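Chains as they are written, first to last, in UniProt numbering: chain G, 1 to 231; chain W, 1 to 231.
Idealized CB from N, CA, C, for every residue including glycine.
For clarity, every value in this text was computed on a predicted model and none was experimentally measured.
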DNA sequence: CCGCTCCGGATAGCGATACTATCTGCTATC
DNA sequence: GATAGCAGATAGTATCGCTATCCGGAGCGG
């Protein structure tokens, strides 16, 4: 397969494929002479993976490169590439290490101990949780984070399902790819499903704008304060 | 308060504040003469919110502008600004509407009906779920999405907690801000907590790399296939 | 062997994003 | 009245993700 066929079959333009080759996202084709190369199904597959990570997962080109490099590294454990993928796709939180930060760090440490999680405090994920807590606190929405255990519980269930899936893959390369897909597309999926649940729950509680209110009396069991139908 | 003080108190440089003013993220200060303006606590607060949305939530400047415009619009319901915020912060999935897409759409419609969700099929969240399913399918990881109900269930619990929080806020402006913070920072929080859960679960199942394996026999109850310790 | 198309590889350019720097004309203050 | 700071406008910068062009060579029908 030549580059033009790879392009038409993947829907990615030839210059873009060349760009991905330059950036190391896609391995070079097999050079059959000084300026002729062959590409195969693996290249096509990889190209589709790249597009999914970029278009659906929202990763940058640099993040894709790092993630794929981790998945390609020989002799790595699933645990290792999972962690490396995580670190590659999340940016530094970059907030001041002030007093709010320290308090948030204590809260996260408490949470982790409460749930018996075995995780690294220096991981970007840990730092990001701290950053969110510190931010919410500074914005005077710290109360929101009292629900942290609900979040953690839900994430545990999802993570269990994810690891079940990955563990069920027989082929090793497919398993590593499964880690990448599950991590990156999983982020997008969780985010989108949470939005749908928000939509639905807000309609259920507050009506959908049309005034024939057919949500019968099952409103409001968890909110302890007055809400006079929310503006 | 002059612009310099606003800058030093928020940690945002004066040129950047001017940039935000130009872009409509921050309302103009009260003009006290032709070229002198006063800023107050509301400006400082808004500025901190902007930085949280950008640094922690990862929003673009354009998305922040749209979200804040929605929250500032007078007379809007919580439901409406929740939806508008969602639409503003998520990009178009832009995948081909092929046969895989159509099948994914059916799956999502099934899910929504199964759970009794009241959501809009044209919302970006719905389209994004479809895009993830179609993508996973094309990458031959369609089996992963059999866990969709686990994801949906977890997201429902989170959404309930979020709406409980918002409903518990007395002040209307704070409530609208709570929607924004909960939506945007909530995304970041869920993503990061899922990563921590992934880390922990992978260590629990596969060991943490140090070879004294102290996870006693509670390994593997949900995976039905051979995993000979994952490469 | 000619002419045409396509190839791989290299280099340069382009549009969008998020600032950053500079300039102008004014003003508050010491 | 010198100095500093201000608002508003304009221009410049760095990065990202491509896109366009050029080059010398290869394949291939005639």
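Alpha helix (DSSP H) segment containing residue i, residue limits
i	result
residue 8/W	3-10
residue 49/G	41-51
residue 71/G	61-72
residue 23/W	14-23
Three-way DSSP call (helix, strand, coil) for residue i in this model
i	result
residue 87/W	helix
residue 82/G	helix
residue 37/W	strand
residue 229/G	Confidence at residue 229/G is low in this model, with a pLDDT of 47, below 50, so its placement is unreliable and the value that follows should be read with caution. In the structure shown, residue 229/G sits in coil (DSSP, three-state: anything other than H, G, I, E or B).
residue 26/W	coil
residue 95/W	coil
residue 213/G	Residue confidence for residue 213/G is low, a pLDDT of 48 falling below 50, so the modelled location carries little weight; the figure read from the coordinates is stated next. Note: residue 213/G maps to coil in three-state DSSP.
Residue burial classification, residue i (beta-carbon count within 10 angstroms, cutoff 16)
i	result
residue 33/W	exposed
residue 227/W	Here residue 227/W scores only 44 on pLDDT, less than 50, and its place in the model should not be relied on; the value that follows carries that caveat. Residue 227/W should be labelled buried.
residue 187/W	buried
residue 222/G	Confidence at residue 222/G is low in this model, with a pLDDT of 44, below 50, so the placement of that residue is unreliable and no value is reported for it.
residue 196/G	buried
residue 25/W	buried
residue 162/W	buried
residue 22/G	exposed
residue 146/G	exposed
residue 116/W	exposed
residue 199/G	buried
residue 13/G	exposed
residue 182/G	buried
residue 93/G	buried
residue 164/G	buried
residue 177/G	buried
residue 8/W	exposed
residue 60/W	exposed
residue 91/W	exposed
residue 31/W	exposed
residue 4/W	exposed
residue 41/W	exposed
residue 166/W	buried
residue 124/G	buried
residue 67/G	buried
Check: Residues in the stretch 7-20 of chain W with C-beta within 9 angstroms of chain G's C-beta atoms, listed in sequence order?
Finding: 11
Margin query: For a minimum of 3 consecutive residues, which ranges assigned as the beta strand (DSSP E) are wholly contained in the stretch 97-185 of chain G?
Written below: none
Checklist line | Interface residues of the stretch 65-92 of chain G facing chain W [CB-CB below 8 angstroms] | finding: 75, 76, 77, 78, 79, 80, 82, 83, 86, 90 and 91
Check: Taking a cut of 7 angstroms between CB atoms, which residues from the stretch 107-118 of chain G lie near chain W?
Finding: 117 and 118
Next item on the list: Give the residues from the stretch 153-169 of chain W that approach chain G closer than 9 angstroms (Cβ to any Cβ), ordered along the chain.
Entry: 153, 154, 155, 156, 157, 158, 159, 160, 161, 162, 163, 164, 165, 166, 167, 168 and 169
Check: In the stretch 16-49 of chain W, which residues sit with their C-beta less than 9 angstroms from some C-beta in chain G, listed in chain order?
Finding: 45, 48 and 49
Margin query: If the cut-off is 8 angstroms on Cβ atoms, which residues from the stretch 177-194 of chain W count as contacting chain G, listed in chain order?
Written below: 177, 178, 181, 182, 183, 185, 186, 187, 188, 189, 190, 191, 192, 193 and 194
Notebook entry, point to check: Can you list, in chain order, the residues of the stretch 131-142 of chain G whose Cβ is nearer than 7 angstroms to any Cβ on chain W?
Noted result: 131, 132, 135, 136, 138, 139 and 141
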